[in-house]
Amino acid sequence: MLEFIMNFIKEIGIYGLLLSLAVEASSLPFPGTIVVLTYGYIMNASALKLLWVALLAGAVYTAASYIPYFIGYKLEGKMKKWIKPEKLDKSERWFKRCGEWTIAISRPLGLGNYISYFSGISQVKPFRFGAITYLGMTPWIYVMLLLGGMGNIESMKNLFSSVQQYIFIGIGIIVIAYFAFKRFKNSKNTSYNTGIKNKKKKLSKQQLNYNQKEKA
Numbered sequence: 001m002l003e004f005i006m007n008f009i010k011e012i013g014i015y016g017l018l019l020s021l022a023v024e025a026s027s028l029p030f031p032g033t034i035v036v037l038t039y040g041y042i043m044n045a046s047a048l049k050l051l052w053v054a055l056l057a058g059a060v061y062t063a064a065s066y067i068p069y070f071i072g073y074k075l076e077g078k079m080k081k082w083i084k085p086e087k088l089d090k091s092e093r094w095f096k097r098c099g100e101w102t103i104a105i106s107r108p109l110g111l112g113n114y115i116s117y118f119s120g121i122s123q124v125k126p127f128r129f130g131a132i133t134y135l136g137m138t139p140w141i142y143v144m145l146l147l148g149g150m151g152n153i154e155s156m157k158n159l160f161s162s163v164q165q166y167i168f169i170g171i172g173i174i175v176i177a178y179f180a181f182k183r184f185k186n187s188k189n190t191s192y193n194t195g196i197k198n199k200k201k202k203l204s205k206q207q208l209n210y211n212q213k214e215k216a
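Using the UniProt record's numbering, the letters of the sequence shown correspond one by one to residues 1 to 216.
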């Protein structure tokens with residue numbers, strides 16, 4: 001399985017790294033860190049080249065993190081019901097302790113997926129959210145690329161096997177979400193078309209009654 005993913009990563013190049021980070025930043029369950037480590041191992045590039053990759057990857061991650069941010073921003077009340085209370089409380093404690101810099105500090109600590117929602121709920125200004133996210137995530141990506149470049153294939157296999165189940169879960173959620181969205185969109189279009197037809201029938205009936213009254 002690891003060999004297959006490594007070969008796939010070689011084929012799609014840096015776009016796979018950027019896509020993986022975008023998926024993780026959008027708060028879907030995806031082990032982006034493992035992908036970054038794998039890329040560092042495969043690329044085996046100089047520290048300077050990896051720095052440029054990290055700068056670009058950080059920008060992509062930041063852009064994608066606006067998805068959960070704006071969801072939290074627009075749906076403040078509902079999001080508090082959807083997010084697990086313990087995660088929300090943990091994010092809130094970090095916010096009280098470190099302020100908005102929690103957005104940067106929490107990225108490597110397993111709160112990254114939730115901190116974007118919480119930042120939106122807390123009405124953090126969009127520009128500040130993006131700037132702090134970039135400052136927090138880019139160094140982390142750079143370090144992961146460097147560590148991947150210094151690693152060996154056996155350690156990569158052990159690391160991958162420990163999170164393999166999460167990859168399958170993530171893929172399953174993406175597939176289910178896609179078909180659910182497609183079904184919702186189709187049902188919405190059907191309801192919309194039905195509503196238009198009913199409205200036309202009602203207008204036609206009203207016009208007919210009006211014409212009959214005019215003749216009378």
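The C-beta atom is built at its ideal place from N, Cα and C for all residues, glycine as well.
{"Item": "Would you say the segment 27-44 touches the segment 123-136, given that touching needs at least three Cβ pairs under 8 Å?", "Value": "no"}
{"Item": "On the criterion of 16 or more Cβ atoms from any shown chain inside 10 Å, does Ile-141 qualify as buried, or is it exposed?", "Value": "buried"}
{"Item": "Classify Tyr-15 as buried or exposed, calling it buried when 16 or more other Cβ atoms lie within 10 Å of its own Cβ.", "Value": "exposed"}
{"Item": "Cα-Cα, which of Thr-138, Glu-100, Gly-149 and Leu-17 is closest to Pro-126?", "Value": "Glu-100"}
{"Item": "Taking the alpha-carbon positions, what's the Ser-27 to Arg-183 distance?", "Value": "22 Å"}
{"Item": "Going by CA-CA distance only, name the one from Ser-122, Lys-49 and Val-23 that's closest to Ala-64.", "Value": "Val-23"}
{"Item": "Select from Asn-186, Leu-51 and Ala-25 the residue whose C-alpha is nearest the C-alpha of Tyr-66.", "Value": "Ala-25"}
{"Item": "Around the Cβ of Phe-8, are there at least 16 other Cβ atoms within 10 angstroms (buried) or fewer (exposed)?", "Value": "exposed"}
{"Item": "In angstroms, rounded to a whole number, what distance separates the CA positions of Tyr-73 and Ile-103?", "Value": "15 Å"}
{"Item": "Can you check the segment 10-38 for any alpha helix (DSSP H) of at least 4 residues that lies completely inside it and give the ranges in chain order?", "Value": "14-25"}
{"Item": "Would you identify the three-state DSSP class for Lys-125, choosing helix, strand or coil?", "Value": "coil"}
{"Item": "Any idea what DSSP makes of Ala-45, helix, strand or coil?", "Value": "coil"}
{"Item": "Reducing DSSP to helix, strand and coil, say where Leu-75 ends up.", "Value": "coil"}
{"Item": "Skipping 5 residues on each side, what residues in its chain have a beta carbon closer than 7 Å to that of Arg-128?", "Value": "Glu-100"}
{"Item": "Give the C-beta separation of Val-36 and Leu-50 to the nearest angstrom, bearing in mind that I take them to be a contact with Cβ-Cβ under 8 Å.", "Value": "Contact flag wrong, Cβ pair sits at about 10 Å."}
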